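Below: one structure, written as structure tokens.
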Amino acid sequence: MTRGGGSGSSRGSRDRVAARWGWAPLAPPREAPARSGTRPPRGSRARLRRVAAAAAAAAMSPGKPGAGGAGTRRTGWRRRRRRRRQEAATTVPGLGRTAGPDSRVRGTFQGARGMKPAAREARLPPRSPGLRWALPLLLLLLRLGQILCAGGTPSPIPDPSVATVATGENGITQISSTAESFHKQNGTGTPQVETNTSEDGESSGANDSLRTPEQGSNGTDGASQKTPSSTGPSPVFDIKAVSISPTNVILTWKSNDTAASEYKYVVKHKMENEKTITVVHQPWCNITGLRPATSYVFSITPGIGNETWGDPRVIKVITEPIPVSDLRVALTGVRKAALSWSNGNGTASCRVLLESIGSHEELTQDSRLQVNISGLKPGVQYNINPYLLQSNKTKGDPLGTEGGLDASNTERSRAGSPTAPVHDESLVGPVDPSSGQQSRDTEVLLVGLEPGTRYNATVYSQAANGTEGQPQAIEFRTNAIQVFDVTAVNISATSLTLIWKVSDNESSSNYTYKIHVAGETDSSNLNVSEPRAVIPGLRSSTFYNITVCPVLGDIEGTPGFLQVHTPPVPVSDFRVTVVSTTEIGLAWSSHDAESFQMHITQEGAGNSRVEITTNQSIIIGGLFPGTKYCFEIVPKGPNGTEGASRTVCNRTVPSAVFDIHVVYVTTTEMWLDWKSPDGASEYVYHLVIESKHGSNHTSTYDKAITLQGLIPGTLYNITISPEVDHVWGDPNSTAQYTRPSNVSNIDVSTNTTAATLSWQNFDDASPTYSYCLLIEKAGNSSNATQVVTDIGITDATVTELIPGSSYTVEIFAQVGDGIKSLEPGRKSFCTDPASMASFDCEVVPKEPALVLKWTCPPGANAGFELEVSSGAWNNATHLESCSSENGTEYRTEVTYLNFSTSYNISITTVSCGKMAAPTRNTCTTGITDPPPPDGSPNITSVSHNSVKVKFSGFEASHGPIKAYAVILTTGEAGHPSADVLKYTYEDFKKGASDTYVTYLIRTEEKGRSQSLSEVLKYEIDVGNESTTLGYYNGKLEPLGSYRACVAGFTNITFHPQNKGLIDGAESYVSFSRYSDAVSLPQDPGKMQRIMKCPFLKLNLKNLS
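The sequence shown begins at 2 in the numbering used here and counts up one residue at a time.
Have a look at this one:
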């Protein structure tokens, strides 16, 4: 059967383990305060109460069958015993899983499975198997309500009894409400286990008596009871934690068994996750991976090879807290020092051991400080006087308070604690509540320390139960009483005033000061009670070593030092030795200065410049004339010391004006200005104006003047002298010409590329003038030509001008070094245009027109005048301009002329209203097709195979007639075309054409030319078998009907391939109309033959 749940529940698993070892995870009564780490969860306590009630009922039952009596208990107990023995062969004690050769890692803990962390932490050490359930549960119920008292003498165990009797097993049940551990004793009374918090145990041996003295938390033993035991592995004893650190514990133990060296031991600790480590053949174990400042209960169970286990024994160990870190001295003073450190998790408080270990004079045993400061919480700031703490530690007086923030970020204090402060002052103030997470750093301000003393502070971290971690130490020294910042003020040649500071501001009023003044040849001493002293009786320009030593009672502190030079005495007999316009000489006397610094200040200027010299005289240069200066001399001694100054003032003499500038000059006026180095407004400037015509004097208070009534083109010398208080300065002068008058009466004569100019000037000084000519082409002012004449020359020729261009000339009269007249004389002119070199004429084919071509003449032009004439006929035309810049050929066409007519042509260049010389040429117009005649040729029959054609020559108005062609046709009398000119008599005979050229007449062969008014008559025999060029005049066909027309040519062209044949397309030709048709008679010979034949004659008659 199972208790408290089914077989698959975790609680059932725990119950089986408890039954295996003979104990249950019972809790003390709810009213009793449970010891730390041993109280099981609330659910476990309820379950135990139910189990205890069932056990009590079973114990009181008479054993009736079916009522849970003795018979039922024995039967159930046997079944459970057999099951436990079977489990013991395959499981490790305390673990709910099968054990095997690889189920456990040697030397390490392994957590129990199937158990919640809270239950596992509250679980008591395992009991030895074989004890009955009823007896321990019943005894536990009888002890409810008792309160465990830590540290007291435990009460005796009421009735130790053998709960289980079997071969090799003795079950001992110990019930105590006050004991934390128990001793099991052998027959001699020797304790076998030093510490054991289990209330069950086993031992081996046939005749051992088991004594179970109870042991309290502080090691006190209660009354012991003896219980007989049987053979088995003896429990270990004398368990010791030989080494404890924050994360590991080394345990050792002992065993009296002779075979103990062959045992293996299972070491467990019960925390949230129970872990197990097994060690073999060694009585010690190193347990690692622990948490700092944590309480652990470790159980050690011996076992032999057949998996027989002895009773476990336990020891309670608390790991050390983590040592403090980042221990540092935040600041040191004369009587205070600030310590701070960081605390690890688990640190509840800290303890500081503060010891004085010496000073600049070794401390005596009575004055040595050695005090413990405990209860220092993390995240709190403290202010502590350790000397007051040491003197009052036996009186129970409040020694300090702690200030800081608690977990809720509210300020708190703990009056009356062992570490309360003596002074109401904080180190760095309370922690900022808005910082989110409170700092775990501890800060301690130690006050009231001895000056210049070395201290050693050792800080121990402490767990909640007072366990201390490894100490961390730091050594520091308070600052000695020291004078610093010794400063000399109000230094003179024979005395000085000293001031200084002392490092101990709290007690500075209690100090006296010893002052030692050591010069180069003598020394002196002085005592004062304030940090200030006046040292008299010194020598000028002397080096002194001054020592100021603080004294408090009999203790002398660290002195402060000062090295100082006294300044020299002021100079004597400071005087002015020489004065000029820009320099002043000074001299003086001195016997102890190494150098002298001169400050030169100009009156009214405010600023000054500095000159340094080692001599006892100086010339100060670079001064302004007529200006007052003050000179302050400062003697300088060793190390840059300065003595008292002396001052003298003096004025420089006036100087000449400078930068005389002619602002403006005309023919009769001159405006001058100048500068004065002193700039004094009371100056008077005297001017002398001299020329070859005489001199003149004038004065002004201004630094500018206008001179009038001067002569044009005349040189004037002007001298200016400044005067102040009837003292004249040096004169300065300048020379200047007045301007010449303007030229007039400019005359210009030109050709195509040059212009000759002349002009006049009526000044008396004109024979000394030269003239500057600026010739500027219109529209191109950037490229003017300049011509300068010799003196007295009033004409000039300018060459290399551009034909036909407009120019402007400006003529300036100038004198001296380029002084020109105010305004130039101006004149505009134009060069003559250039004539064209020639022009060409070209006829226009079959048009009564001429094309004229020429190259544009050089220079500019406004166009051309074209004149065409023939006989009495004349025509003039204006042509547009052209440009010769790109060399383009210019052309124009003259129309509406007559064909084949000669014309006289004239072209004239025009520019600026001027005309160049004309260029002439005679040109003849071209020809075209002659005009066709009004009538047609006359054709008459001559014979049966020939005709005669008569026609008049064509009109030659379109050009001379070069040839005529006679054309015959047997076809219709249409208008002939030039295409018929290619057909010959042969073509006609072959039937290729019914029209052909039969005869060609060339007028050039006549030996004369036909005039326009001359009309020639032509008569041609057609059929005479003559040949002209490529045309054959063959016989005509008798009885044929023929028509004739005439073609007239002003230009006849022949085919290059068919020599002698006319190219009608390339020839200029016109045709007359066709004549009337003429029919040729019968061949007479043929008629005679017919007449001789009557038959043929009859037929002919009939035909006729």
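From the three backbone atoms N, C-alpha and C, an ideal C-beta is built for every residue, glycine too.
Since the structure is predicted, the reported quantities are computational estimates derived from the model, not experimental observations.
Straight-line gap, residue i to residue j (C-alpha atoms, nearest Å)
| i | j | result |
| --- | --- | --- |
| Thr-798 | Ala-755 | 7 Å |
| Lys-821 | Phe-813 | 6 Å |
| Val-1079 | Leu-1040 | 10 Å |
| Ile-500 | Ala-657 | 57 Å |
| Ala-838 | Asn-781 | 28 Å |
| Leu-1117 | Val-572 | No statement about residue 1117 is possible, as the shown extent of the chain runs from 2 to 1105 and does not include it. |
| Thr-277 | Lys-255 | 19 Å |
| Thr-333 | Thr-559 | 16 Å |
| Lys-1087 | Glu-1026 | 21 Å |
| Ile-906 | Val-869 | 5 Å |
| Asp-1077 | Val-943 | 15 Å |
| Gly-960 | Ile-1021 | 24 Å |
| Ser-231 | Asp-312 | Because the pLDDT at Ser-231 is just 44, under 50, the model does not fix this residue reliably, and the value given afterwards should be weighed accordingly. The straight-line gap from Cα to Cα measures roughly 12 Å. |
| Met-916 | Gly-860 | 13 Å |
| Tyr-904 | Ser-871 | 5 Å |
| Thr-832 | Tyr-808 | 8 Å |
| Leu-252 | Val-267 | 12 Å |
Burial state of residue i (16 or more Cβ within 10 Å)
| i | result |
| --- | --- |
| Asp-818 | exposed |
| Asp-201 | The pLDDT assigned to Asp-201 is 40, lower than 50, so where the model puts this residue is not dependable; a value taken from the coordinates is nonetheless given after this. Under this definition Asp-201 is a buried residue. |
| Pro-768 | exposed |
| Pro-293 | buried |
| Thr-823 | According to the sequence as given, residue 823 is Leu; it is not Thr. Exposed, because fewer than 16 other Cβ atoms sit within 10 Å of the Cβ of Leu-823. |
| Thr-189 | Residue confidence for Thr-189 is low, a pLDDT of 36 falling below 50, so the modelled location carries little weight and cannot support an answer. |
| Lys-1060 | exposed |
| Asn-466 | exposed |
| Gln-709 | exposed |
| Thr-628 | buried |
| Gln-737 | buried |
Backbone secondary structure at residue i - three-state DSSP
| i | result |
| --- | --- |
| Ala-979 | helix |
| Gln-283 | coil |
| Lys-1087 | helix |
| Arg-413 | Bear in mind that a pLDDT of 35 at Arg-413, under 50, signals an unreliable position, so the number given afterwards is only what the model happens to contain. In this structure, Arg-413 counts as strand in the three-state DSSP scheme. |
| Tyr-686 | strand |
| Tyr-1069 | strand |
| Asp-523 | coil |
| Arg-212 | With a pLDDT of 38 at Arg-212, under the threshold of 50, the predicted position of this residue should be treated as unreliable, and no value is reported. |
| Ala-877 | strand |
| Gly-304 | strand |
| Gly-233 | coil |
| Asn-733 | strand |
| Gly-641 | helix |
CB contact flag (residue i, residue j, <8 Å)
| i | j | result |
| --- | --- | --- |
| Ser-783 | Phe-763 | no |
| Tyr-1075 | Ala-1045 | yes |
| Ile-323 | Pro-234 | no |
| Ser-750 | Lys-778 | no |
| Ala-705 | Leu-673 | yes |
| Val-484 | Val-565 | no |
| Ser-700 | Val-689 | no |
| Asn-899 | Pro-933 | no |
| Pro-938 | Ser-1073 | yes |
| Ile-240 | Ile-288 | no |
| Asp-593 | Ser-542 | yes |
| Ser-1071 | Ile-1053 | no |
| Lys-854 | Glu-843 | yes |
Terminal residues of the beta strand (DSSP E) in which residue i lies
| i | result |
| --- | --- |
| Glu-476 | 473–478 |
| Glu-987 | Note, Glu-987: premise wrong, no beta strand (DSSP E); alpha helix (DSSP H) at 986–991. |
| Asp-764 | Per DSSP, Asp-764 belongs to no beta strand (DSSP E) and is neither H nor E. |
| Thr-259 | Premise fails: Thr-259 is in no beta strand (DSSP E) and is neither H nor E. |
| Gln-815 | 807–816 |
Run of the alpha helix (DSSP H) containing residue i, from where it starts to where it stops
| i | result |
| --- | --- |
| Pro-387 | 387–393 |
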